[in-house]
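**Student:** Under this note's numbering, the first residue of the sequence shown is numbered -18, with each subsequent residue one higher.
Can you read through this structure? Questions will come right after.
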Amino acid sequence: MNQEPVNTFVKMVRIGSESGEENEFILYLRYLFVKELEAECVIDPHGNLIARLEGKSSSTKEPVLFGVHADTVKPGKKIEPVLKDGIIRPQGPTILGADDKAGIAELLEALRTAERHPPLEIVVSVGEEIGHLGSKNLDRSLLKSKLGFVIDTESIDHVVIGGPSHMRLNVDVIGKAAHAGMNPEKGISSIKAAAYAISMLREGWIDEETTVNVGIIHGGEILNAVPERTNVKIECRSQSHGKCLTQSNLIQEVFLTAARAAGGRAEIQMELGTTAFRVPEEARVVQVAKEALTSAGVKPKILTSCGGSDATSYNEKKIETIVIGTGGKGAHTTEEHIAVEDMMKAVAVIRHIFEELS
């Protein structure tokens, strides 16, 4: 068994890089890319690392984008990975960080062992887990690529060609405060109004391509007062941009109506985080991924997803980009793990992509 990608991955996950705290890890990667790959590296004003590599035994001049992200979710500090029976897991009560450090380690191993590859633009983004902040703010003029691959979905056989529109709704329900023991009848409970609105919403899968989730509720300040303010945070995702807008407007109307019915009011802010994209299945980038998976002995599954990724940002920047897998399992949980065998399959897939595009 080739231990090099495992050793690289273990070193990476031991460097904490929760969203907003990626700088140490970005600097480590810059050092690694310069030392091992002789890459030309820059860190942009938003903290993204852009590494440019010349082609290796390649006949093409066109660069290809490979995107990964540096940040992890919490708890992502003091991670201690353990390898047992071919599976890498966290020893303590933390995530493992395979999302997305497995993707970075696999890309690096593919570069170490590839006989050839096209000119490459590698972007290690920051803030991916909190709204794709790094890739969204990346200056398009820094990149020349016209097609790209983001290594950031779990299943090795998945080729993700579409992503969702993502709307965030921040709702403040305003009622009226009153003493809960002396004159509760003079108050208007913002919690009750918010709860009524939530009970009227459909959550989870609305249809085959649209989801709604009430994620955060905060209401009231003290126990002996009718709560005047309640804040609710909701998200809506859909692979159809029109459905995302329609469903978000419906959520807004439900809260406005429920608040008015209770005698209060609602103030609602909607923020569109991403706009849905879909790369045609016949596009070259998709066909290359399918051929690479098949060559590595993996049957490809072409799909769209309601999960977000940096691919959305790159497609908005007119870089035709899809998402391929790392082999990790249980992302965003303390049960996260990855099989070494799957890591090696991912490395083989990336090498095949290099071959197809060289």
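Glycine residues also receive a C-beta, built at the ideal position from the N, C-alpha and C atoms.
(1) Which residue's Cα is closest to the Cα of Ile303: Glu322, Val266, Ala176?
(2) Which residues in the same chain as Ser116 place their Cβ atom closer than 6 Å to its Cβ, once the five residues preceding and following it in sequence are excluded?
(3) Please classify Lys42: is it buried, with 16 or more other beta-carbons within 10 angstroms of its beta-carbon, or exposed?
(4) In the DSSP assignment, the beta strand (DSSP E) including Lys55 goes from what residue to what residue?
(5) Give, in chain order, every unbroken run of the beta strand (DSSP E) that is at least 3 residues long and sits entirely within the region 254 to 295.
(6) When DSSP labels each residue in this structure, what does Val195 get in the three-state scheme?
(7) Taking the alpha carbon of Gly288 as the reference point, which residue from Ala312, Lys299, Ile(-4) has its own alpha carbon closest?
(8) Near Met(-18), which residues of its chain fall below 6 Å by C-beta distance, leaving aside the five closest residues on each side in sequence?
(9) Leaving out five residues before and five after Lys82 in sequence, what residues of the same chain have Cβ atoms less than 7 Å from its Cβ?
(10) What number of angstroms, rounded off, separates the C-alpha of Ala264 from the C-alpha of Lys37?
(11) Pick out whichever of Ile76, Ser122, Ala320 has its Cα sitting closest to the Cα of Thr307.
(12) At what residues does the beta strand (DSSP E) containing Val304 begin and finish?
(13) Just the C-alpha distance for Glu252 and Val49, rounded to the nearest angstrom, thanks.
(14) By how many angstroms is the C-alpha of Ser0 removed from the C-alpha of Glu109?
(15) Give me the DSSP bridge partner(s) of Lys42.
(16) What did DSSP end up calling Leu237 once you bin it into helix, strand or coil?
(17) Where does the unbroken beta strand (DSSP E) through Leu150 begin, and where does it stop?
(18) Would you give the residue range spanned by the alpha helix (DSSP H) that Thr178 belongs to?
(19) Check whether the Cβ atoms of Glu135 and Pro44 sit closer than 8 Å, and answer yes or no.
(20) What's the gap between the Cα of Glu19 and the Cα of Leu34?
(21) So, with DSSP's three-state summary, where would you put Leu30?
(22) Taking the beta carbon of Met324 as the centre, do at least 16 other beta carbons fall within 10 Å, making it buried, or is it exposed?
(23) Quick one: what's Asn212 bridged to in DSSP?
(24) Would you check whether the ligand FMN has a heavy atom nearer than 7 Å to the C-beta of Ser294?
(25) Under the three-state reduction of DSSP, which class applies to Met163: helix, strand or coil?
(26) Can you list, in chain order, the stretches of the alpha helix (DSSP H) that have 4 or more residues and sit fully within the region 88 to 146?
(27) How far does the alpha helix (DSSP H) with Ala327 in it reach, from first residue to last?
(28) Check for me: the beta strand (DSSP E) holding Val207 runs from which residue to which?
(29) When the Cβ atoms of the region 199 to 208 are set against those of the region 165 to 174, are three or more pairs found closer than 8 Å?
(30) Is DSSP giving Met(-18) helix, strand or coil here?
(31) Counting only the same chain and skipping the five closest in sequence on each side, list residues whose C-beta sits under 6 Å from that of Ala95.
**Tutor:** The structure says:
(1) For this step, residue 303 is matched to residue 322 along the sequence shown. Cα-wise, what sits closest to Ile303 is Val266.
(2) Here residue 116 is taken as the residue at index 135 of the sequence shown, counted from 1. Excluding residues within five positions, the ones whose Cβ falls inside 6 Å are Ser106, Asp291, Ser294.
(3) Here residue 42 refers to the residue found at position 61 of the sequence shown. Exposed: under 16 other Cβ atoms inside 10 Å.
(4) To locate residue 55, count along the sequence shown from 1; it is residue 74. From DSSP, Lys55 is part of no beta strand (DSSP E); its letter is neither H nor E.
(5) 282 to 285
(6) On the sequence shown, residue 195 is found 214 positions in, with the first residue counted as 1. Strand.
(7) Taking the sequence shown and counting its residues from 1, the one referred to as residue 288 is at position 307. The residue with the shortest Cα to Cα distance from Gly288 is Ala312.
(8) Locating residue -18 in the sequence shown gives position 1, counting from the first residue. Its pLDDT being 49, under 50, Met(-18) is placed unreliably by the model, and nothing is read from it.
(9) Here residue 82 corresponds to residue number 101 of the sequence shown, with the count starting at 1. Within the same chain, Lys82 has close Cβ partners Phe(-10), Met(-7), Val(-6).
(10) If you number the sequence shown from 1, residue 264 lands on position 283. If you number the sequence shown from 1, residue 37 lands on position 56. Roughly 24 Å between the two C-alpha positions.
(11) Residue numbering aside, residue 307 sits at position 326 when the sequence shown is read from its first letter. It is Ala320.
(12) For the purposes of this step, residue 304 is identified with residue 323 of the sequence shown, where counting begins at 1. From DSSP, the beta strand (DSSP E) with Val304 extends over 301 to 306.
(13) Along the sequence shown, one-based indexing puts residue 252 at 271. Along the sequence shown, one-based indexing puts residue 49 at 68. Distance between the alpha carbons of Glu252 and Val49 is about 25 Å.
(14) Counting from 1 along the sequence shown, the entry for residue 109 is found at position 128. Counting from 1 along the sequence shown, the entry for residue 0 is found at position 19. So the alpha carbons of these two residues sit roughly 8 Å apart.
(15) By 1-based counting over the sequence shown, the position of residue 42 is 61. According to DSSP, Lys42 bridges with nothing at all.
(16) Taking the first residue of the sequence shown as position 1, residue 237 is located at position 256. Three-state result, Leu237: helix.
(17) Position 169 of the sequence shown, counted from the start, is the residue given in the question as residue 150. First-last of the beta strand (DSSP E) with Leu150: 146 to 155.
(18) On the sequence shown, residue 178 is found 197 positions in, with the first residue counted as 1. Checking the sequence, you will find Ala at residue 178 rather than Thr. From DSSP, the alpha helix (DSSP H) with Ala178 extends over 171 to 181.
(19) Here residue 135 is taken as the residue at index 154 of the sequence shown, counted from 1. Here residue 44 is taken as the residue at index 63 of the sequence shown, counted from 1. No, the Cβ-Cβ distance between Glu135 and Pro44 is not below 8 Å.
(20) Taking the first residue of the sequence shown as 1, we reach residue 19 at position 38. Taking the first residue of the sequence shown as 1, we reach residue 34 at position 53. The straight-line gap from Cα to Cα measures roughly 8 Å.
(21) On the sequence shown, residue 30 is found 49 positions in, with the first residue counted as 1. Correct three-state label for Leu30: strand.
(22) Within the sequence shown, numbered from 1, the residue matching residue 324 stands at position 343. Buried, because 16 or more other Cβ atoms sit within 10 Å of the Cβ of Met324.
(23) Within the sequence shown, the letter at position 231 stands for residue 212. Partner(s): Asp153, His199.
(24) With respect to the ligand FMN, the structure offers nothing, as it holds no ligand at all.
(25) Against the sequence shown, residue 163 aligns to sequence position 182. Looking at Met163 - three-state DSSP - the assignment turns out to be coil, as it is neither helix nor strand.
(26) 114 to 118
(27) Taking the sequence shown and counting its residues from 1, one reaches residue 327 at position 346. Residues 321 to 338.
(28) Mapped onto the sequence shown, residue 207 falls at position 226. Element bounds for Val207: n/a, residue is neither H nor E.
(29) yes
(30) If you number the sequence shown from 1, residue -18 lands on position 1. Reliability fails at Met(-18), whose pLDDT of 49 lies under 50, so the model's placement of it is uncertain and the value that follows must be treated cautiously. Note: Met(-18) maps to coil in three-state DSSP.
(31) Counting from 1 along the sequence shown, the entry for residue 95 is found at position 114. Counting only Cβ-Cβ distances below 6 Å, and skipping sequence neighbours, we find Arg332, Phe335.
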